[in-house]
Amino acid sequence: MTDYDAAKDKVSGKVKETAGKLTGDESTEAKGKAQQIAGDVKEKLGEAKDKVAEKFNDVVDKTKKKED
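Residues are numbered in the numbering used here as their position in the sequence shown, beginning at 1, plus a constant of 28.
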């Protein structure tokens, strides 16, 4: 997952939601909202992945320093 994928889902979802509202199509509106949520989830997962990688690298660095 990338930031681009999350942003793309959020923007595409907003467009679908708006189109659904303008046309009175509740299904399209709901699909747009769902796609926006998917974008939010992708964004949060990406942030969590980055934090885990950062912590892992910190542990590796500390371990290497202790070995030296």
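C-beta atoms are modelled at their ideal positions from N, C-alpha and C, and glycine is treated no differently.
Looking at the secondary structure, which residues open and close the alpha helix (DSSP H) in which residue i lies?
| i | result |
| --- | --- |
| residue 48 | 31-51 |
In chain order, what residues of the same chain have a beta carbon less than 6 Å from the beta carbon of residue i, not counting five sequence neighbours either side?
| i | result |
| --- | --- |
| residue 71 | 34 |
Pick from the options: whose alpha carbon is nearest that of residue i?
| i | options | result |
| --- | --- | --- |
| residue 60 | 88, 91, 93 and 39 | 39 |
| residue 57 | 67, 88 and 44 | 44 |
Leaving out five residues on either side along the sequence, give the residues of the same chain with a beta carbon under 7 Å from the beta carbon of residue i.
| i | result |
| --- | --- |
| residue 102 | As shown, the chain starts at 29 and ends at 96. That puts residue 102 outside it, with no answer to give. |
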